[in-house]
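Chemist: Following our numbering, the numbering of the sequence shown begins with 1 at its first residue and continues without gaps. Input: one structure, supplied below.
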Amino acid sequence: MTYTPSKSSKGRSLLPWLLGIVVIFVFSGSLVHLLTESWWYESINYGPVFWLRVRWQLGLGLGSFVLAALWLWANYRLARHITRDRSYRFLSRYSSPVQRQQMARLLDWAGLGVIAVLALGAGLRGAAAWETVLKFLNPNAFDTLEPIFQRDIGFYVFRLPLWQGLQANLLGLLAWALILAAAVYGLKGEIRPERGWKYFLTGEAKTHLCLLLAAIAVVMALGFWLGRFSLLYSDSGVVFGAGYTDVHARLQAYWLMAFVTLAVAVLFVIALWRSGFSLPIFGIGLYLGVLVLVSGLYPWFQQNFIVEPNELTIERPYIEHNIAFTRQAYNLTDVASEPFPAENHLDRQLLDANQPTVRNIRLWDYAPLLSTYKQLQEIRLYYNFEDVDIDRYTLNGEYRQVTLSARELLVDQLPPEAQNWINRQLKFTHGFGIVMSPVNRVTSDGLPEFFVRNVPPTSDVDLDLDQLRIYYGEDTSQYVFTGANTDEFDYPLGDTNAAYRYTGLGGVPINSLGRRLAYAYDFGNLRLLISNYFNNPEARVHYHRLITDRARQVAPFLVFDRDPYMAVIDGRLKWIMDGYTHSNRYPYSEPLTRRSDLITLVDSTSPLMRDRTNYVRDAVKVFIDAYDGTLELYARDTEDPILATYQQIFPTLFKPIGDMPDSYRVHMRYPQDFFTLQAQMYRTYHMQNPEVFYNREDLWRFPKRTEGESTTAMEPYYIIMKLPRLEQEEFLQILPFTPANRDNMISWLAGGSDGDNYGRLLLYEFPKQELVFGPTQIEARINQTPEISEQLTLWSQQGSRVIRGTLLVVPIEQSLLYVQPIYLRAEQSALPELRRVVVAYSDRIVMRNTLDESLEAIFGGAAAPSPTEPTDEPVTLIPETISELVQAALGAYQEGQQALQQGDWQRYGEAQRQLGSLLQQLDQLP
């Protein structure tokens, strides 16, 4: 007799094959992507970093998946075994035996599906915890004990997160096991409410659920024990961190709740030998009562009737903890403070002695300068300047502060008819060169004076320019191919274009069919297989070309400054990025998210703002070659325990800071985001006296600046200057402070960038009994100066838009100089021109064509304007001879006539007054 398989048995035999095909199809994309990513990491010599992460992610993910699946399946099967002689109650009346069997099988598959989904979630959480586990296994001590539990801070940063994560996930698995088992018992009628609340569950089912409930209670008790440490991050008191109520009420509550929860677990076990659930129910009632009493009422009573009537006295030790640990967490403990008298003793001799500072006063703001660069130097529609960077170079033997911008190629700006894959991936592959200009030089047309310009770049300074092609940058979001059987576009050359073939080692070789197949599948681009362009053995694919994406791929645990900047190093273009280590586990330290006014100064989507960060270090410097994408990560902060832990985890990732070449080191600058965070914290945490801190008696804020009709906080700015009592100029970042409710300046903070002074913070405090004008007050005084306000109003009425630049406060010797550039832009033009410079010093405010003229108007040394080259702002001078008087009078007359023709009545009036003064002097001569 021949056996013929039934249709159902055939379906069952095909089911595993179908499931296997589905699994392969679902995961094939991830597996191929994993393969291509491994090639990418190998191409940049960080393969060990990639495989270490992958091994731990796969190991933890698979381990968590298997353990969760086995645990849930074991509980589900145990519940099924205990109720093996029962069928599902809702099927018993309405289905035949065959239908009940089919439905039971379907429910088994549904149970398996639920278990698989839950286990998959556990696996994904396990894979995501790779960094937490590795930090747990490679901790470093901070050598600082927190004051409540006397544990090293390294315990909270490296170990506690894993314990808390394990407790939470274990509690979740126990809860899901309880739900699955209870569902089986309920659906099969093992739970019988009709017996009464004492006897609704009996036998083996009761034993199973009671043991699960006891285990849940034990794990919850562990949670209360671990929860004690979370009091160090409490934000319910007068300061962040454990306060008096936390230490004297909530801490005891955690201990008591842990013991009560353990007692409930014991009662669930005892209930195994007793009928009913009276003991566990009593225990649960006791648990809820104690929870309300000791976790709610008792802390409330203590806070309102003990702490608040004597808050400063009682909370003083905890305020001291918050101040000390916040200053440690943001590296503010070594801020050096000294007085700055703000004397009005500045004269021409002191200005001449500080010419390096004066010559490097920045007159070009980022936004107007970027618009000017775009108009003058983008050359073609497909080029783009993303932003303007500021740095310093020694050019022609002079230490100069300069602005520069990389000319990247933005393929999306090609005409629509040119938007084909050959142009996008094979032809238009790279940008070319930079523009560079000094921060304070202006042409006679009000435009920046260029040191480096055009395509290909030409230079007026002794700057080595060797390889200036940009394959990796801030606009390079798409993948491209090089080494193909076609030339790349290099740069426009008259009526034609220059061609180029890539000669670097960047990108991943695609010199085999297997690699092209993998990338065709990963990119969804079949042309890689069928096109003849890729038969060349030198063919390479370049991706992860955005420098921020490139750095995050290698070091995802770092947060990078939002402003990468370009530098010319040894003739090549290098991107420099600042990488921060961070944590939200530093006890007592104030989180950044409690400082809402930071959002306008630091990207609100940054992990620093999103993750309640309360510890940050400027730890890593990243250099990325714009031509071949080479990454170099240097461990700058040798005292940071978090960076030391990452160095142990990834021994090949970071280079020692001592190995950094001098050509790299001279372009390191103190990062603006980090300096801003430190300044933001220091405005409150410079107060180290608990009583002063509690009363906020000396709270500072950032000065306000006006942009159009809106007011924003002033950002820090870079400047080359000589600090008081030092002998040499340095590249610094500075920011003034004003009192919380006043506009006068109270101090200014400087952060060094050069040599051994890198990262050194210096605070200069003004005398509190004297008025030192702040930027807002100086801007108000500028607005109240008739000749300036009238001129700005006149320009605005003549179809031009007046753009007022950043008002810079420039400390020179022991005095303050205020400088504000004024730009003009036609309503129909995007080309701002620098037309005036306002300088304020002491009680004088002047506005002239150039910074030199404004300084001369205040400090002397100005020359009479030439009759053939009249200036817009006449300078009053006392000539010594009749000839000089006559020439000056003629110049004043011509100046007035020119102003009259232009309708500039304010300038016409000034010229007439000067002419009258000169004529009176002529009349008084013998």
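Backbone N, C-alpha and C fix where the C-beta goes; we use that ideal spot for every residue, glycine too. Just so you know, these numbers come straight off a predicted model, no measurement behind them.
Which residue comes first and which comes last in the beta strand (DSSP E) that contains GLY579?
Modeler: 572-583 is the extent of the beta strand (DSSP E) around GLY579.
Chemist: Among the residues of its own chain, which have a CB less than 7 Å from the CB of ASP522, if the five just before and after it don't count?
Modeler: Only VAL32, HIS33, THR36 meet the Cβ criterion.
Chemist: To the nearest angstrom, how far is it from the Cα of TYR500 to the Cα of LYS704?
Modeler: Each residue's Cα considered, the two are about 50 Å apart.
Chemist: What did DSSP end up calling MET103 once you bin it into helix, strand or coil?
Modeler: Reduced to three states, the DSSP call for MET103 is helix.
Chemist: Which runs of the beta strand (DSSP E) spanning at least 3 residues fall entirely within the stretch 230-270, listed in chain order?
Modeler: Counting whole runs of 3 or more residues, the stretch 230-270 contains no beta strand (DSSP E) stretch at all.
Chemist: So for PHE301, helix, strand or coil by DSSP?
Modeler: Helix, per DSSP.
Chemist: Relative to the alpha-carbon of ASP334, which residue among PRO607, PRO661, THR806, LEU761 has its alpha-carbon at the smallest distance?
Modeler: Nearest C-alpha to ASP334: LEU761.
Chemist: What are the partner residues of GLY752, as DSSP defines its beta bridges?
Modeler: Per DSSP, LEU732.
Chemist: Among residues of its own chain, excluding the 5 on either side of HIS345, which ones have a beta-carbon nearer than 8 Å to its beta-carbon?
Modeler: Closer than 8 Å at the Cβ level, and outside the excluded window around HIS345, lie GLU813, GLN814, SER815.
Chemist: Whose CA, out of GLY860, LEU792, LEU824, MET721, lies closest to the CA of LEU808?
Modeler: Checked all of GLY860, LEU792, LEU824, MET721; the closest Cα to LEU808 is MET721.
Chemist: State yes or no: is the C-beta of GLY473 within less than 8 Å of the C-beta of ILE547?
Modeler: Contact: yes.
Chemist: So the beta strand (DSSP E) GLU320 belongs to, where does it begin and stop?
Modeler: No beta strand (DSSP E) contains GLU320, which is instead part of the alpha helix (DSSP H) from 311-329.
Chemist: Enumerate in chain order the residues of its own chain whose CB-to-CB distance from PHE451 is below 8 Å, with the five nearest sequence positions on each side excluded.
Modeler: Only LEU395, VAL402, MET436, SER437, PRO438, SER459, ASP460, VAL461, LEU463 meet the Cβ criterion.
Chemist: Short check: CB of GLY154 to CB of ALA129, under 8 Å?
Modeler: No. Outside cutoff.
Chemist: Just verifying my parser: in three-state terms, what is the DSSP assignment at ALA862?
Modeler: Bear in mind that a pLDDT of 38 at ALA862, under 50, signals an unreliable position, so the number given afterwards is only what the model happens to contain. Coil.
Chemist: So what's TYR479 in DSSP terms, helix, strand or just coil?
Modeler: Coil.
Chemist: Would ALA217 and THR261 qualify as a contact pair, given that the criterion is a beta-carbon distance under 8 Å?
Modeler: Against a cut-off of 8 Å, the Cβ pair of THR261 and ALA217 comes out as a contact.
Chemist: Please report how far the alpha carbon of GLU315 lies from the alpha carbon of GLY243, in whole angstroms.
Modeler: When rounded, the distance between both Cα atoms is 6 Å.
Chemist: According to the Cβ coordinates, are ALA205 and ALA122 closer than 8 Å?
Modeler: Taking 8 Å as the Cβ cut-off, ALA205 and ALA122 do not qualify as a contacting pair.
Chemist: Check the C-beta distance from LEU851 over to LEU162 and give it rounded, since I have them as a contact under 8 Å.
Modeler: That pair is no contact at about 58 Å.
Chemist: Measure the beta-carbon distance from PHE551 to PHE557 and round it to whole angstroms, keeping in mind my assumption that it falls under 8 Å.
Modeler: In the sequence on display, residue 551 carries Ala and not Phe. Actually they are not in contact, since the Cβ atoms of ALA551 and PHE557 sit about 11 Å apart, beyond 8 Å.
Chemist: Look up LEU350 in the DSSP assignment and say whether it is helix, strand or coil.
Modeler: In this structure, LEU350 counts as helix in the three-state DSSP scheme.
Chemist: Between which residues of its own chain and GLY227 is the CB-CB distance below 7 Å, once the five residues before and five after are set aside?
Modeler: Taken in chain order, the residues that qualify are TYR254.
Chemist: Where does GLY126 fall in DSSP's three states?
Modeler: Helix at GLY126.
Chemist: When you compare only the Cα positions, how much space is there between GLN349 and LEU332?
Modeler: When rounded, the distance between both Cα atoms is 37 Å.
Chemist: How is the beta strand (DSSP E) around ASP835 delimited, first residue to last?
Modeler: Sequence inspection shows Arg at residue 835; the Asp mentioned does not correspond to that position. 833-841 is the span of the beta strand (DSSP E), which, as asked, contains ARG835.
Chemist: By Cβ distance below 6 Å, which residues in the same chain neighbour GLU869 in space, the five residues on each side in sequence not counted?
Modeler: Bear in mind that a pLDDT of 41 at GLU869, under 50, signals an unreliable position, so the number given afterwards is only what the model happens to contain. There are no such residues.
Chemist: What's the C-alpha gap between TYR373 and LEU404?
Modeler: Distance between the alpha carbons of TYR373 and LEU404: 9 Å.
Chemist: When DSSP labels each residue in this structure, what does LEU808 get in the three-state scheme?
Modeler: LEU808 falls in the strand class under three-state DSSP.
Chemist: What first and last residue would you give for the beta strand (DSSP E) that runs through GLN401?
Modeler: Its beta strand (DSSP E) spans residues 398-409.
Chemist: Mind checking ILE822: buried by the 16 CB within 10 Å criterion, or exposed?
Modeler: That one is buried.
Chemist: Can you confirm whether the stretch 505-525 touches the stretch 559-577 when touching is taken to mean that 3 or more C-beta pairs between the two stretches lie within less than 8 Å?
Modeler: Taking 8 Å as the limit for Cβ pairs, the verdict is that the stretch 505-525 does not touch the stretch 559-577.
Chemist: Tell me which same chain residues have a C-beta within less than 7 Å of the C-beta of TYR615, skipping the five on either side of it?
Modeler: So the list reads ALA329, HIS582, SER583, TYR586, SER589, once near-sequence residues are dropped.
Chemist: For ILE734, which option in GLN678, ASP618, SER710, GLN553 has the closest C-alpha, if you only look at C-alpha atoms?
Modeler: Comparing Cα-Cα distances from ILE734 to each of GLN678, ASP618, SER710, GLN553, the minimum goes to GLN678.
Chemist: Any beta carbon from chain C within less than 8 Å of PRO703's own beta carbon?
Modeler: Within the model displayed, chain C is absent; a lone protein chain is all it includes.
Chemist: Can you tell which of THR806, GLU853, VAL839, ILE719 has its C-alpha closest to the C-alpha of TYR366?
Modeler: For TYR366, the nearest C-alpha among the options comes from THR806.
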